Amino acid sequence: MRHRAIPIALSLAALGALALPAAAQRDTVPQTGVRLQLRYEARYEPGFVVLPFGGNDVAGRAVREIVRRDLEHSDRFEMREATGARAGEAVDAAAWRERGADWVLEGGVEAAAGGLQLRMTLHDAVYGQVKGSGTFPLPAMSGRGFRMAVHAASDAVVRWATGEPGMAASRIAYVVQGRGSKEIYVVDSDGENATRVTGDGSIALSPAWSPDGRKLAFTSYKGGAPFLYERDLGTGADRVVSDRAGINITPSYSPDGRTIAFATTSGGNTEIATVGPSGLRQHTQSRRAENLSPSFSPDGGRIAFVSDRLGEPGVYVMSLPSGEARLVSEYRYGRGGYSTSPDWSPAGPWIAYSSRVSGTPQIVMVGADGSGARLLTDRGRNEDPSWAPDGRHIVFASPDREGGGLFVLDTTSGKVRKLASGRGLGLPDWSPHLATATGR
Numbered sequence: 042m043r044h045r046a047i048p049i050a051l052s053l054a055a056l057g058a059l060a061l062p063a064a065a066q067r068d069t070v071p072q073t074g075v076r077l078q079l080r081y082e083a084r085y086e087p088g089f090v091v092l093p094f095g096g097n098d099v100a101g102r103a104v105r106e107i108v109r110r111d112l113e114h115s116d117r118f119e120m121r122e123a124t125g126a127r128a129g130e131a132v133d134a135a136a137w138r139e140r141g142a143d144w145v146l147e148g149g150v151e152a153a154a155g156g157l158q159l160r161m162t163l164h165d166a167v168y169g170q171v172k173g174s175g176t177f178p179l180p181a182m183s184g185r186g187f188r189m190a191v192h193a194a195s196d197a198v199v200r201w202a203t204g205e206p207g208m209a210a211s212r213i214a215y216v217v218q219g220r221g222s223k224e225i226y227v228v229d230s231d232g233e234n235a236t237r238v239t240g241d242g243s244i245a246l247s248p249a250w251s252p253d254g255r256k257l258a259f260t261s262y263k264g265g266a267p268f269l270y271e272r273d274l275g276t277g278a279d280r281v282v283s284d285r286a287g288i289n290i291t292p293s294y295s296p297d298g299r300t301i302a303f304a305t306t307s308g309g310n311t312e313i314a315t316v317g318p319s320g321l322r323q324h325t326q327s328r329r330a331e332n333l334s335p336s337f338s339p340d341g342g343r344i345a346f347v348s349d350r351l352g353e354p355g356v357y358v359m360s361l362p363s364g365e366a367r368l369v370s371e372y373r374y375g376r377g378g379y380s381t382s383p384d385w386s387p388a389g390p391w392i393a394y395s396s397r398v399s400g401t402p403q404i405v406m407v408g409a410d411g412s413g414a415r416l417l418t419d420r421g422r423n424e425d426p427s428w429a430p431d432g433r434h435i436v437f438a439s440p441d442r443e444g445g446g447l448f449v450l451d452t453t454s455g456k457v458r459k460l461a462s463g464r465g466l467g468l469p470d471w472s473p474h475l476a477t478a479t480g481r
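Quick note: the sequence shown uses the working numbering, first residue 42, plus one each step.
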C-alpha cells in the first residue's frame, strides 16, 4: 500500500524535542483549527443469516464459519443465527424476513479437481429476489491459499449486497519488538495466519505494501545502517532501494507501483524523496526541518507527509511535482499541534493520522483539503493508522487498549475489534485486496 513508520534514531517524539525554526518552503498559512470531537451516527444494519453449507460437511462448516465471520467483520450487517436451518433445504426468504433477516446466504462446498469448489447464492429477503450468485474455486483445506480464497468469496458477497468493496481478502504487515530486535510479520484481516517475514535479529521498520500485494518495502539496520529494502514475498529475495548516507525510512508506493516515496537525509535534514524509473528526486528542501512519512493520494498526484516546519510535527499535503504544501492537521495559533503518521485512503479524499488530544495520541481523519476533521478514537493511546482496501476500516496500534496490540476500527459505526495481541506490536500497514495475488 503506502505508509510510514518511525525509526529508533528518529522517533517523532525525538523529532518533537529537536524541533527547529520553520523551514523556508512553500506552504499555506495555517488557519485556527476547529476543536476535534468524537462523533458517529447510528445506522440501520440489515439482518444477515448464513445458512448451513451443503456438500462436504467438514469443508462446508469451515468455509461457512470463515464467511460468516468475514461478513460480521465488514460491520455492514447484523448477523442472525440460522437456528433450525438444514443444509440443502429450499430457502424460504419470506420466513427468514419475518425472523429479522434482510439477507439470506446459501452455499455448498464440493470436491473439485485440485481442491474444492464453493457455490453461494445471496437472497434479498425484502424484495424476494436473488441478488447475487457465483462459484469460487478453492484450494484444498490444507493448502496455503485456502483461507484467502474464502475471504475473496466473502468480499464478493459484500459487493452483491452493498455494491461496495470488501476487505476480507487482505493482510496487515506490522512490526514485533523482541529482545534487542524488531521483525516484520503479516497477518490476515481476521487475525489468523500470523507469519514472520524478516528474521535478521536486527531492527526492521516501516513495512509498506506494493499495490499488487507481492512486495513489501521496509527499512532495516541489518547492514549496519538504516537502508531501504524491497522484499519479494514470493521468493523471499531482498533488493536495496536506497542506501544513501544517513537514514532511509518510511517508504510508500505510488498507485502504479513504479515509484517509492521515502524520507532520506539531505543537507543535514530529513527530506521527502522518490525513487523510480526516472531515478531519485527530492521533493522538499528545508532549512533545519524534518520531513518524513509520505503517503500517496489514490491518483498519485499528491503526497501527505509529516513536517515540523512550524515547530512541532503536522500533516501536510504536497502537490507533485510543484512541491506546494498545505497544512491539513489541526493547528491553533500559540498552541501548536502534534500530528504524525498520515495514511491516505485508497477510496477517497480522506487522510487518517495520529494526533495528540489532551496529551494522548488519538486517531483522526481529515479531508485532503483540511476540512471535515473527525476524531475517531478517544480512549487509550492510539497510533499509526492504516486504511483497509475498502476505504472504510482502519488498523491502528495501541500499547494499552485491552492489554495492547493491533485493532481494527470501522470509521462508519465506530466499532473496534482486536486484531492481534501484544504490547510490542506496532507500525501496521494494510495490504491492497489480495484476491488476484497467488500463494497468499
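By construction, the Cβ of each residue, glycine as well, lies at the ideal position given by its N, Cα and C atoms. As the structure is a prediction and not an experimental result, all values here were calculated from the model.
In the DSSP assignment, the alpha helix (DSSP H) including residue i goes from what residue to what residue?
i      : result
Ile404 : Note, Ile404: premise wrong, no alpha helix (DSSP H); beta strand (DSSP E) at 401 to 408.
Ala197 : 187 to 203
Arg138 : 134 to 139
Using a Cβ-Cβ cut-off of 7 Å (strictly less than) and excluding sequence neighbours within five positions of residue i, which residues of its own chain qualify?
i      : result
Ala201 : Per the sequence presented here, residue 201 reads as Trp, with Ala not at that position. Cβ within range, chain order: Leu163, Lys172, Gly173.
Pro390 : Gly408, Ala409
Gly421 : Ser439, Asp441, Arg442
Arg433 : Asp451, Thr452, Thr453
Ser243 : Ser222, Ser261, Tyr262, Lys263
Leu475 : Met189, Ala210, Ser211, Arg212, Gly254, Arg481
Arg484 : With the chain running from 42 to 481 in the structure shown, residue 484 is simply not present.
Leu77  : Glu371, Val398, Val405, Ala414, Leu416
Which partner residues of residue i appear in the DSSP bridge assignment?
i      : result
Leu447 : Ala438, Ala461
Arg212 : Asp229
Thr452 : DSSP lists no partner for Thr452.
Gly175 : Met161
Gln170 : Asp165
Lys256 : Asp273
Tyr357 : Phe346, Leu368
Pro93  : Its beta-bridge partners do not exist; DSSP assigns none.
Gly88  : Glu119
Ser261 : Ala245, Phe268
Apart from the five residues just before and just after residue i, which ones in its own chain have a Cβ nearer than 6 Å to its Cβ?
i      : result
Gly287 : Thr306
Asp279 : Tyr270, Arg272
Glu82  : none
Pro206 : Asp431
Ser462 : Gly446
Gln72  : At Gln72 the pLDDT is 40, less than 50, meaning the model places this residue with poor confidence and gives no usable figure here.
Gly149 : Phe94, Gly95, Gly96, Arg160
In the structure shown, what three-state DSSP assignment does residue i receive?
i      : result
His114 : helix
His221 : One point to set straight first is that residue 221 is Gly, not His, in the sequence displayed. Note: Gly221 maps to coil in three-state DSSP.
Thr236 : strand
Phe346 : strand
Glu106 : helix
Phe337 : strand
Val99  : helix
Pro383 : strand
Tyr394 : strand
Pro180 : strand
Gly156 : strand
Arg420 : coil
Arg415 : strand
Leu77  : coil
Leu475 : coil
Please list the terminal residues of the continuous beta strand (DSSP E) segment that includes residue i.
i      : result
Gln268 : Residue identity check: residue 268 is Phe in the sequence provided, not Gln. It spans 268 to 273 - the beta strand (DSSP E) in which Phe268 sits, taken as one unbroken run.
Val145 : 144 to 153
Asp425 : 424 to 428
Asp431 : Looking at the DSSP string, Asp431 is not in any beta strand (DSSP E), and its letter there is neither H nor E.
Asp470 : 466 to 471
Gln119 : With the sequence shown as reference, residue 119 is identified as Glu, and Gln is not the correct amino acid for it. 119 to 121 is the extent of the beta strand (DSSP E) around Glu119.
Ser247 : 245 to 250
Can you determine whether any heavy atom of the ligand ADP sits closer than 7 Å to the C-beta of residue i, and answer yes or no?
i      : result
Gly413 : Although the ligand ADP was asked about, the structure shown includes no ligands whatsoever.
Once the 5 residues before and after residue i are set aside, which same chain residues still bring their CB inside 8 Å of it?
i      : result
Met182 : Val99, Ala100, Ala103, Leu157
Arg299 : Gly317, Pro318
With a floor of 3 residues, list each beta strand (DSSP E) that falls wholly inside the segment 279 to 335, ordered by position along the chain. 279 to 283, 289 to 294, 301 to 307, 310 to 317, 320 to 323
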